[in-house]
Amino acid sequence: MLTPTTAAAAAVAVSGELSISATQSRLLPSASRVHLPHLLPAPPALSSSRSHPSVPTPTGGGGAGEAADLDPSDEHLATMSPREQTALLSRQRHWRRARDLLDRMRALPGYAPSAIHYGVVLRHLARARRWGELRRVWARMAREGAPPPTNQAYAALADALAKAGHARDSLLLLRHMRARGVAPDEVSMSTFVRILKDVGRYSDAATLFDNWCNGRFEVGFIDLDYSALDSGGPMQFLLEEMCHGNVDDAGASGIQGVARIPKLAVTYNTMIDLYGKAGKLKDAMDMFMGMPDYGVAADTCTFNTLINIFGSCGNVKEAEALFASMIVRGTNPDVKTFNVMMTLFASKGDVEGVLKHYYHIGKMGLSADTVSYGIVLRVLCERKMVHEAEDVIVGIMRSGTCVPEQSLPVVMKMYIDQGLLDKANAFFDRHCRGDEVSSKTFAAIMDAFAERGLWEEAEHVFYSHRGVRRRGIVEYNVMVKAYGAAKRYDRVSPLLEHMNESGISPDECTFNSLIQMFATGGYPQRAKKLLGKMKYAGFKPKCETYAAAITTLSRNYLVSEAIYLYNEMKASGVEPNVVVYGVLIDTFAETGQLEEALHYNNLMEESGIAPNQIVLTSLIKAYSKANCWKEAQDLYSRMKNMDGGPDIVASNSMLNLYANLGMVTKVKEIFDCLRRNNQADDVSYTSMISLYKNMGLLNESVRVAHDLQNSGLLSDCASYNAVMACFVAKGKLRECAELVQQMQEGNILPDASTFGMIFSIMKKIQIAPEEVSQLQSAYNDNRSSSSQAVIAFLFLIAGMHAAALNICEKYMKPVLTIDQCACNVAFKVYASCGEVDKAFSLFMQMHELGLKPDTATYIHLTTCYGEYGMPGGKMKAIFLLISQLRNEMLIQFTQSPDMLTRMPMAPCEMQSVDSCLMETASDPSTSSSYRKATKHPGEHDFGGADILECNAQLLELSQEELHNKISVPIWKLEYMNLNKDQHPGPGAYKGRNEEHKCCQY
1 MLTPTTAAAA AVAVSGELSI SATQSRLLPS ASRVHLPHLL PAPPALSSSR
51 SHPSVPTPTG GGGAGEAADL DPSDEHLATM SPREQTALLS RQRHWRRARD
101 LLDRMRALPG YAPSAIHYGV VLRHLARARR WGELRRVWAR MAREGAPPPT
151 NQAYAALADA LAKAGHARDS LLLLRHMRAR GVAPDEVSMS TFVRILKDVG
201 RYSDAATLFD NWCNGRFEVG FIDLDYSALD SGGPMQFLLE EMCHGNVDDA
251 GASGIQGVAR IPKLAVTYNT MIDLYGKAGK LKDAMDMFMG MPDYGVAADT
301 CTFNTLINIF GSCGNVKEAE ALFASMIVRG TNPDVKTFNV MMTLFASKGD
351 VEGVLKHYYH IGKMGLSADT VSYGIVLRVL CERKMVHEAE DVIVGIMRSG
401 TCVPEQSLPV VMKMYIDQGL LDKANAFFDR HCRGDEVSSK TFAAIMDAFA
451 ERGLWEEAEH VFYSHRGVRR RGIVEYNVMV KAYGAAKRYD RVSPLLEHMN
501 ESGISPDECT FNSLIQMFAT GGYPQRAKKL LGKMKYAGFK PKCETYAAAI
551 TTLSRNYLVS EAIYLYNEMK ASGVEPNVVV YGVLIDTFAE TGQLEEALHY
601 NNLMEESGIA PNQIVLTSLI KAYSKANCWK EAQDLYSRMK NMDGGPDIVA
651 SNSMLNLYAN LGMVTKVKEI FDCLRRNNQA DDVSYTSMIS LYKNMGLLNE
701 SVRVAHDLQN SGLLSDCASY NAVMACFVAK GKLRECAELV QQMQEGNILP
751 DASTFGMIFS IMKKIQIAPE EVSQLQSAYN DNRSSSSQAV IAFLFLIAGM
801 HAAALNICEK YMKPVLTIDQ CACNVAFKVY ASCGEVDKAF SLFMQMHELG
851 LKPDTATYIH LTTCYGEYGM PGGKMKAIFL LISQLRNEML IQFTQSPDML
901 TRMPMAPCEM QSVDSCLMET ASDPSTSSSY RKATKHPGEH DFGGADILEC
951 NAQLLELSQE ELHNKISVPI WKLEYMNLNK DQHPGPGAYK GRNEEHKCCQ
1001 Y
């Protein structure tokens, strides 16, 4: 490995002091001060005195004169020398003009066929990729007996073929040259070496160069697979010509020569790049070091190549030293040099280094190109440096150029990832419009939106105006991806219709994306149908496509159809992979079909696929359902010897198996191991909780439940229910309520099991059966806000008044849509929390809406009066409402004498109400409730006696009977023991209501 010092030492000479400009000196890193061996001085700048081929220059000053020079008359053409004619052919701007001009030359009297002239025309045709016309010209050249093409023609033709993607055809020219006895010169040899290098045939390229240097022209080592050549390829006629004996090897014997030494810098640059890409850095440096010995000066391209080689290999310091030596020698870097350096710093993540060299491009008097802009924008956008990227974009616009097309998706992605959608839309409208933007660029922009789930924005880009450009299939595929990620399956059909109307047929990627989308979304039949359409369209689905369809069918328990696809897959020659087998095995394991699961496991092993951990876990699950604990235990022990050991699913399956069989020791062993390794999840804990609870070890189950609650692993309703079941079994009301509150904070909705346990805990703590039944009936009927009302009541009886009040505040807006049961719960919460005004307001609204308050609501209303006091005006209104409902109250108190002891209220609340009423009824003038009531001037003070008087009026008792009852405690009032037969009826006191009105002022 070369060190920074040796790399720099090999790159620059310091014999004599070199002049360095101020700008260049700022570019120098510290490595430039190393003493370096002697190299040739930097080549002089090109000047007009440098010899060039004689080329006729246009004589006219306008376009007409230039056109006349390119299309001279036959008389003028006849007076030209062959060299001038060659130059004229080379200057033609269109292949047709060059061909027609050659035809005119051939028609001139005394014209001798020239290989050079034919070579120029062949070059024009090859660059224009007019392969049919090229073949005709080649055949005519052979018919006219023209000499074989020159090295320049072979080199130009090979270069054009390689650039057109026909590297194999270009190598046929190498064999044709040898057969025709044309020894390659340095230019043609360098061209063929570069072609071999570009296709990755480094060894063949190096061998060709070595043979040429040693005076040999051997091409047998270049193994050309003629069967791989396209039968309609551009150079197929050369192969036919050589195979039919039209070209012999007679000339091959005369082309062996003496050893040669390359004299062109381009040859050294090609070989340096070849050795660098082959990983032979020492050979690359040897080639570079040998240049001065043969009088060849390293140019800018040489240094660019070396810097790129060392930078690509990660030798950053060596690359920097080479750049420094380039500046010291006075070899001016070009834009490619700075691009190479920016690429090097970008690979290191050094943004400052990238920006430093980017801004030095302008300081050196150079103009940044598309590559420069692309590098700097990519670095800035990947690091989300929005302001810096915008500054670069402003500079690009000021220079009169456009943002490079390959940078458009990069900038858009930066804005999208940062959530700057307004800026993204503005950038798109300004820079991504017009015919010059390709379909692939639009697809990349849409994909950036799709990755963030912004399907509407992606759709906007898709349907944006394109000018004359058509939407490509890749854009439709990206939109399918966007709709699938957003689960907008309803948008797919219109997209496919638009695709069909545009004359674009779905490709394999389209079908794969659609099948994957519907399979993931839970539409097995649509995925299966698309699979059939894919095969009908002529595409052969791959294993991954079948796997997606089989997986969705299996997960939806369409087992027979999944097996049908599996058999079809095998019949079509597509071998299932471990995913397909794993899905089938797991499906049968879930349904308890042990034999079927083992059958497909055997088929998988027979096909040479070893079961992985997922498959073994499914088998353990199958054995667990069949209570085959020994077989499951053997598989579990087998998994322990695999990399990573058994996964959590396998361990939980074994936990459940041992728990079902009552093997407590085994269960504890696995559970303790999982906890030590921090692998236990909520399923592991719930298995232990169920085991202890089923065995009657409630204290142990509660302990594990608390551990689970504090572990942060509670993630779904099932795990919460498992913990709550323990608390309910122990009658822990507060813990149940706090667990439900934790569910709400985690946005986890309670299910039917959760509410069933809530009703169970209410009954356990002796909440009145009537009230629990009322709540349960409202929940079962799915009435408005019934679930929130149940939770609010749970919080209330657990003493979590603030949480209960918070829930009521949410579901009571607006009251018009609330069920009667939910209103009653809200009233109790308001009353218990001291929100007297809200309670009274809700009571009045319930009356206005025709919602019937229950008995507990009336008792809570009395509690509000006794505990907090209430102005007489409000009390009057309340007792008037009570009078309107007297018949129902009479029935309740008459048929249920012990109603006060069975009020649907918490025991503490019932005790408070009883105490308040008893105290007030016994001595209203001295009761604490009476003293707490607010007295307004000019108004009557309401106390326990007033309440009894109103109740007495409801029963139509006489004033004398009423006063006799006042001195009796409320729980012994005789009128509460009256039954229907004993009651005198409302007619017995007709006319007496006038003198015994309550609420008199």
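Be aware that the sequence shown starts at 1, since it is given in full-length UniProt numbering, and climbs by one per residue.
A virtual CB, placed ideally from N, CA and C, is assigned to each residue, including glycine.
- The Cβ neighbour count for Asp447, taken over all protein chains shown within 10 Å, is at least 16; the residue is labelled buried.
- Asp103 counts as exposed, since fewer than 16 other beta carbons sit within 10 angstroms of its beta carbon.
- About 3 Å separates the Cβ atoms of Met517 and Gly484, confirming a contact at the 8 Å cut-off.
- Taking each of Ile309, Phe192, Asp185 in turn and checking the Cα distance to Val258, the smallest one comes out for Asp185.
- Here the alpha carbon of Trp131 sits roughly 15 Å from the alpha carbon of His94.
- Note on Glu436: under 16 other CB atoms within 10 angstroms of its CB, so exposed under the neighbour-count rule.
- Val702 and Met695 have their C-alpha atoms spaced approximately 13 Å apart.
- Look at Thr331 here: in three-state DSSP terms it is coil, with no helix or strand label.
- Under the three-state reduction of DSSP output, Asn694 falls in the helix class.
- Shown here, Gly712 sits in coil according to DSSP, grouped into three states, outside any helix or strand.
- Pairwise C-beta distances place the stretch 762 to 782 out of contact with the stretch 739 to 746, as fewer than three of them are shorter than 8 Å.
- The C-alpha of Gly472 is placed about 12 Å away from the C-alpha of Tyr463.
- For Arg97, the closest alpha carbon among the candidates Glu405, Leu122, Ser560 is that of Leu122.
- Of Arg488, His460, Val461, Phe442, the smallest CA-CA separation from Val474 is found for Phe442.
- Sorting Leu208, Met654, Cys402, Tyr557 by C-alpha distance to the C-alpha of Gln525 places Tyr557 at the top.
- Considered as a whole, the stretch 500 to 540 harbours 508 to 521, 524 to 536 as its complete alpha helix (DSSP H) runs of no fewer than 4 residues, in chain order.
- Put simply, the backbone Cα of Glu501 is about 10 Å away from that of Pro494.
- Between Thr686 and Ser651, the CB-CB gap reaches or exceeds 7 Å.
- Cβ-Cβ distances below 6 Å link Val182 to Pro148 in the same chain, with the five nearest sequence neighbours on each side left out; the list follows chain order.
- Counting of Cβ neighbours within 10 angstroms places Glu144 among the exposed residues, the total staying below 16.
- In the structure shown, Arg216 adopts coil according to DSSP, grouped into three states.
- Contact between Ile758 and Leu794 holds: their C-beta atoms lie close to 5 Å from each other, under 8 Å.
- Runs of the alpha helix (DSSP H) lying entirely within the UniProt repeat "PPR" (299 to 333) and spanning at least 4 residues, in chain order: 300 to 312, 316 to 328.
- Between Ala424 and Ala458, the alpha-carbon positions lie close to 12 Å from each other.
- Annotation: the continuous alpha helix (DSSP H) that includes Tyr118 extends over 115 to 127.
- Taking Gly662 as reference, the option from Asn678, Cys673, Arg638, Leu697 with the minimal CA-CA separation is Leu697.
- A residue is called buried when at least 16 other Cβ atoms come within 10 angstroms of its Cβ; Leu805 meets this threshold and is buried.
- Judged by DSSP in its simplified three-state form, Arg703 adopts helix.
- Annotation for Met287: Tyr268, Met271, Ile272, Tyr275 place their beta carbon closer than 8 Å to its own, counting only its chain and skipping 5 residues before and after.
- Ranked by Cα distance from Cys717, the options Arg734, Leu733, Asn747, Asn710 are led by Asn747.
- Bounds of any alpha helix (DSSP H) do not take in Glu436, whose DSSP letter is neither H nor E.
- Taking C-beta separations shorter than 6 Å and ignoring five residues to either side along the sequence, the partners of Ile504 in its chain run Ile473, following chain order.
- The Cβ atoms of Arg260 and Cys213 sit closer than 7 Å to each other.
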